[in-house]
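Asker: Handing you this structure, nothing more for now.
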Ligand code: IPE
Ligand code: IPE
Ligand code: MG
């Protein structure tokens, strides 16, 4: 698989992941949770069943990331292109997201996460939009950050940022202007982007922010992602040499 090296030489279960994360200076992981539909189809189930189990996989991953000291996580939950899916599937994904948001509020004390919903909330309808905004406000004092990309498109985000800047009267923009007007203005760019499901593409995710992110693709379908697969991705990240266009003097 492209970019993927098997970590067969290391016993992943015995690693001190907090130390691995801290040594690797890993503060933000973004996940493209792909493969829910195929997971369900492989089991003779409707695609919606894959999305349901996919939410549980996300809960596990989010909990582990926090345990390992990762300050920010971002998940790609629904893209601006995903509206083209069958109505039943779109409705079920929205229902699951609505449910997840209600539960996140109830589990606030345990989660300790500050939520941001990235994307245009208008198209979500007034109820879900209000729920997202309430969750953002309700969790605003929590130390960890969870970004949920929902009705999110990387190109859409950049166009919106530029239009906001024009509305503010700018006639020329800088990189800093764009970075401070995109949906992720509150957090650093992702150090690592993990895509499950075997496809090696970005699919319009974090186009601006991924300029120097490390990319990690794995074949595991999202509902099967768990602690072991997360450890594999983090360990692989810890081996990467990030140069940011410069040279490493060691
Ligand atoms: C990702 O899984 C979840 C969403 C896009 C909401 P998919 O539904 O794309 O699963 P596959 O790629 O069809 O297996
Ligand atoms: C990307 O997955 C979007 C999300 C995970 C929400 P897709 O399944 O929509 O991507 P493509 O169509 O395979 O590129
Ligand atoms: Mg897919």
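Residue numbers (this note's numbering): 331 to 580.
We put the CB at the ideal spot given by N, CA and C, even for glycine.
#1: Please classify residue 331: does DSSP put it in a helix, a strand, or coil?
#2: Which of the three DSSP states is assigned to residue 477 in this structure?
#3: Tell me residue 509's beta-bridge partners as DSSP assigns them.
#4: Just curious, the beta strand (DSSP E) that residue 488 is in, first and last residue?
#5: Alpha carbon to alpha carbon, how far is residue 362 from residue 569? Give it in angstroms, no decimals.
#6: Which of the three DSSP states, helix, strand or coil, is assigned to residue 452?
#7: Is residue 354 helix, strand or coil when you go by DSSP?
#8: Just to confirm the assignment, what range does the beta strand (DSSP E) spanning residue 390 have?
#9: Could you name the residues, in chain order, whose CB is less than 7 Å away from a heavy atom belonging to ligand 1?
#10: Between residue 371 and residue 381, what straight-line distance do the alpha-carbon atoms span, to the nearest angstrom?
#11: Name the DSSP beta bridge partners of residue 447, please?
#12: Less than 8 Å between the C-beta atoms of residue 358 and residue 473, yes or no?
#13: Closer than 7 Å: is that where the CB of residue 487 sits relative to any heavy atom of ligand 2?
#14: For residue 397 and residue 499, I'd like the C-alpha separation in whole angstroms.
#15: Ligand 4 heavy atoms versus the CB of residue 533: any closer than 7 Å?
Answerer: The relevant details are as follows:
#1: On the chain shown, residue 331 is found 1 positions in, with the first residue counted as 1. The predicted model places residue 331 with a pLDDT of 45, which falls under 50 and marks its position as unreliable, so this point remains unresolved.
#2: By 1-based counting over the chain shown, the position of residue 477 is 147. It is a strand residue.
#3: Within the chain shown, numbered from 1, the residue matching residue 509 stands at position 179. DSSP output for residue 509 lists no bridge partner at all.
#4: Residue 488 sits at position 158 when you count from the first residue of the chain shown. Taken as a continuous stretch (DSSP letters only), residue 488 belongs to no beta strand (DSSP E), being part of the alpha helix (DSSP H) at 484-497.
#5: If you number the chain shown from 1, residue 569 lands on position 239. If you number the chain shown from 1, residue 362 lands on position 32. Taking the straight line joining both Cα atoms gives about 21 Å.
#6: Stepping through the chain shown from its first residue, residue 452 is reached at position 122. Correct three-state label for residue 452: helix.
#7: The residue you call residue 354 lines up with position 24 of the chain shown. Residue 354: coil per DSSP, three-state reduction.
#8: On the chain shown, position 60 is the one that residue 390 refers to. Per DSSP, residue 390 belongs to no beta strand (DSSP E); it is in the alpha helix (DSSP H), 377-397.
#9: 363, 364, 365, 366, 367, 368, 369, 377, 380, 381, 384, 407, 408, 409, 412, 423, 527, 551 and 552
#10: Numbered from its first residue, the chain shown carries residue 371 at position 41. Numbered from its first residue, the chain shown carries residue 381 at position 51. Those two C-alpha atoms are separated by around 11 Å.
#11: Within the chain shown, numbered from 1, the residue matching residue 447 stands at position 117. Answer by DSSP bridge pairing, in chain order: 478.
#12: Walking along the chain shown from the start, residue 358 turns up at place 28. Walking along the chain shown from the start, residue 473 turns up at place 143. No. Outside cutoff.
#13: Within the chain shown, the letter at position 157 stands for residue 487. It does not: the Cβ of residue 487 is nowhere closer than 7 Å to a heavy atom of ligand 2.
#14: In the chain shown, residue 397 corresponds to position 67, counting from 1. In the chain shown, residue 499 corresponds to position 169, counting from 1. Taking the straight line from one Cα to the other gives about 44 Å.
#15: This structure lacks ligand 4; its bound ligands are ligand 1, ligand 2 and ligand 3.
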